[in-house]
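The structure under discussion appears below in the form of structure tokens.
Protein chains in written order, with this note's numbering: chain A, 88 to 342; chain B, 117 to 769.
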């Protein structure tokens, strides 16, 4: 039928080709062929999985330790959780020590590796066990990365505009943590676009996980701090000290 | 009527199809490649972020290269190279975004060599100093020594025009000239005594390696020699000849050994640690075949990184893009080049996965998850990363005591097929500069401008506008500050990947007697062409004087040495001898100078320099059997017009 429309014989007996229809059909056919070719190699990956065994042991030098968290560069992409006390000393004593950690991945939090045992290297092929996990993991201060999306970035333009932070609840700010002599003296310094100090946030509490990250990313001096905003500092003190509100720090990271 | 409508629709579709499926790209000479680094060299981006330079770093417009006790060579395409001596500051004012645009630098201090093997037209290279502006007229070798008091311009080969405040002078082979504060001195016909920089330059000059375009497109012929040295060419259907790298690591994969660096103009850019990585990670696509391994299919469009980004939980992942601009997948030794699902399988061998806060790590392969670690994350659902998410990392650019550049390629994130490619190449212009896609710029008439001889002036060179100081961002020349930064911590460590990079011990430069070129005869050259203006980088002479007086008190031995030399020398016979870093050390004792305490061991990393052949029409079709995708071939710009082949050799005097 199509070809009848394309090629017709007129009254004089000459064949007449309708170029417009021909071009249109060719173009459509070419388009369909392109789509078909691109879909040709679409795969079904669900059926195929590489056979790999999960890792349950890391060996290497501890770079940083704080709270219940260990950073072992050999365990790329994971933070190691040490639930419980070491047999002797604190977790920070493990820094710069060669250790062998056995444990398992945490299915709910993929970035965590739960240490079941920690051994310190004391000589050639000599390891001394310093930790054996006896209790269940309790992640009270762990900050789920997916939680970050629930925090809005706070924009402070002036310390005399409490509306910019009051009632916001969960916020994140970009600044530097200045640790004082005591826990009550910790402040987060916020800067303006020119790098000038704009305001300070009084840190009431900072989680071990946040501090662990500040220490782990020790090359950096500014972070995104995930905060629970608390009460506003009164106007008089605010003008004097640039401290705008009190907050609890739940997490600190690069994004 | 109906037929006419159908005809119109069909014709519109046919004519628009190439545009719809075409790729936007960067002009391949828009970016300089760091191809040799020795010692301490810093790259300052337009955002003021500083990075310790490594081989294969990208130099973009607005970047400032600062050498301390180090030297660097930048490849500018077409076989053209810029070499910087110790204690030199060069700002890249403009790099060409099309065949018709120019390359211009500003030298604040120090010495450079500019080797031009092929010019597409006259005055396409400009060098500006506080004393004069230099416009290159021919292919050749040029040297500029910029001291606080004056600028010396030497033409070893070729010819160029020096513009001062009042007049301009044409310098030809074997001539040199001194310019101070816009005043041009008389032409001299003797070369200064050969110094360590000259020796180093000569050493680099002799490292020529012949290149050809047997397997590569003519546009990439300059890279064939280094690919030849590090891999082999294999005929692979249906692509034609593909390149297979020689790698010693079992876990090797594209975009794995290297790092991400953020460039405001182009986004996250892959800096490969493989010395041959520039061509194969900024051009072309990677595929894999059982029995052959990873192989590279050449294409001629430059990109910061041809990868597809994925994100899940606290991890970023990327995989190479296939020839079809889809992410590739390798599972159980089966290669898929067109993956369309929204969730990427974490157990694909093509995937590189890192924690989000480690994307800026100086060595990605050290922080990337191993296969068995990835297996523990098999339940992760990797989805296309959002551009905003990748950009958010840019904020985290403040290292303690140091500004550092983090990295996000604005690499394609979601969508399908060629649309994806467009996203890969889409630039977000943070600096406010109007950046046109090179594909449009390349296709301006389909012809490159013809370079003509200086005497004939067949090209109407527009009268260059004298740029006021407020047009330019003033360069802070503070050597003390620069020295202090040597004590700062540099995030990108100088350590190299064993087996991949070459780190020979820098040899002590030996001084040789200067060659006097007495065979040069005097010609009248002034004011034959429209006189270019001097580009002043200082707002006023007073400011310049203030800067000079400050400069004399600084701790730079080179600056002091040169200024002393400048004081002693006369305009008629003058031999400036920039001292080597070693002699500077010895001289510093007698003058109470203190060199910055640079603790890093100077590393020398070099790449073979490639001589670019002049292209002929026969070389342009490199592989008749290669299948070119319509999207690329439709926009394949001529790049190098036939006329340019006549400019391959240096004009003999």
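Here a beta-carbon is modelled for each residue, glycine too, at the ideal position from N, C-alpha and C.
| Would you call the region 329-343 of chain B and the region 170-180 of chain B in contact, with 3 or more CB pairs under 8 Å? | no
| Range of the contiguous alpha helix (DSSP H) that encloses residue 323(A) | 322-328
| Between which two residues does the beta strand (DSSP E) containing residue 193(B) stretch? | 180-193
| How big is the Cα-Cα spacing for residue 591(B) and residue 160(B)? | With a pLDDT of 43 at residue 591(B), under the threshold of 50, the predicted position of this residue should be treated as unreliable, though the coordinate-derived value follows. Rounded to the nearest angstrom, the two C-alpha atoms are 11 Å apart.
| query | Whose C-beta lies closer than 7 Å to the C-beta of residue 438(B) among residues of the same chain, with five residues either side of it excluded? | reply | 401, 403, 444, 453, 454
| query | Beta-carbon of residue 473(B) versus every beta-carbon of chain A: anything under 8 Å? | reply | yes
| message | Quick check: the region 424-431 of chain B against the region 209-223 of chain B, are at least 3 beta-carbon pairs closer than 8 Å? | response | no
| Local conformation of residue 318(A) per DSSP, three classes | strand
| said: Can you tell me whether residue 186(A) is buried or exposed? The criterion is at least 16 other CB atoms within 10 Å of its CB, across all chains shown. | reply: buried
| field | At least three beta-carbon pairs within less than 8 Å, the region 323-339 of chain A to the region 143-159 of chain B | value | no
| said: Does the region 471-482 of chain B come into contact with the region 492-504 of chain B, if we say contact requires no fewer than three beta-carbon pairs (one atom in each stretch) closer than 8 Å? | reply: no
| field | C-beta atoms of residue 305(B) and residue 291(B) nearer than 8 Å | value | yes
| query | So residue 299(A) is in the alpha helix (DSSP H); what residue range does that whole segment cover? | reply | 295-303
| request: Measure the alpha-carbon distance for residue 295(B) versus residue 303(A) and round it to whole angstroms. | output: 53 Å
| For residue 119(B), which of helix, strand or coil comes out of DSSP? | helix
| query | So, does the CB of residue 120(B) fall closer than 8 Å to a CB anywhere in chain A? | reply | yes
| field | Contacting positions in the region 256-276 of chain B - beta carbon closer than 8 Å to chain A | value | none
| said: Starting from residue 345(B), trace the alpha helix (DSSP H) in both directions and tell me its first and last residue. | reply: 340-346
| query | With residue 243(B) and residue 260(B) assumed to form a contact (beta carbons below 8 Å), what rounded beta-carbon distance in angstroms separates them? | reply | 6 Å
| query | According to the Cβ coordinates, are residue 158(A) and residue 230(A) closer than 8 Å? | reply | no
| query | In this structure, what does DSSP give as the bridge partners for residue 403(B)? | reply | 411(B)
| field | Where residue 493(B) meets chain A, residues with beta-carbon distance less than 7 Å | value | 197
| Between residue 430(B) and chain A, is there a C-beta pair that is closer than 8 Å? | yes
| field | Nearest candidate by alpha-carbon position, reference residue 197(B), set 234(B), 247(B), 312(B), 308(B) | value | 234(B)
| Backbone CA spacing between residue 479(B) and residue 196(A) [nearest angstrom] | 26 Å
| request: Would you be able to state if there are at least three C-beta pairs under 8 Å between the region 344-362 of chain B and the region 379-397 of chain B? | output: yes
| Segment contact flag, the region 215-232 of chain A with the region 155-172 of chain A, C-beta cutoff 8 Å, min 3 pairs | yes
| So what's residue 321(B) in DSSP terms, helix, strand or just coil? | helix
| With 16 as the cutoff for other CB atoms within 10 Å, does residue 211(A) come out buried or exposed? | exposed
| query | What does residue 486(B) reach in chain A if we use C-beta pairs closer than 8 Å? | reply | 142, 163
| CB contact check: residue 271(A) to chain B, cutoff 8 Å | no
| message | Below 9 Å on C-beta distance, what does residue 336(B) contact in chain A? | response | Within chain A, no residue comes near residue 336(B); the closest Cβ sits about 27 Å away, beyond 9 Å.
| query | Taking DSSP as the reference, what is the three-state secondary structure of residue 256(A)? | reply | coil
| Which class does residue 150(B) belong to by DSSP, given the choice of helix, strand or coil? | strand
| field | Contacts that residue 496(B) makes with chain A (C-beta to C-beta distance below 9 Å) | value | 197
| query | Taking Cβ to Cβ, would you say residue 278(B) is nearer than 8 Å to residue 257(B)? | reply | no
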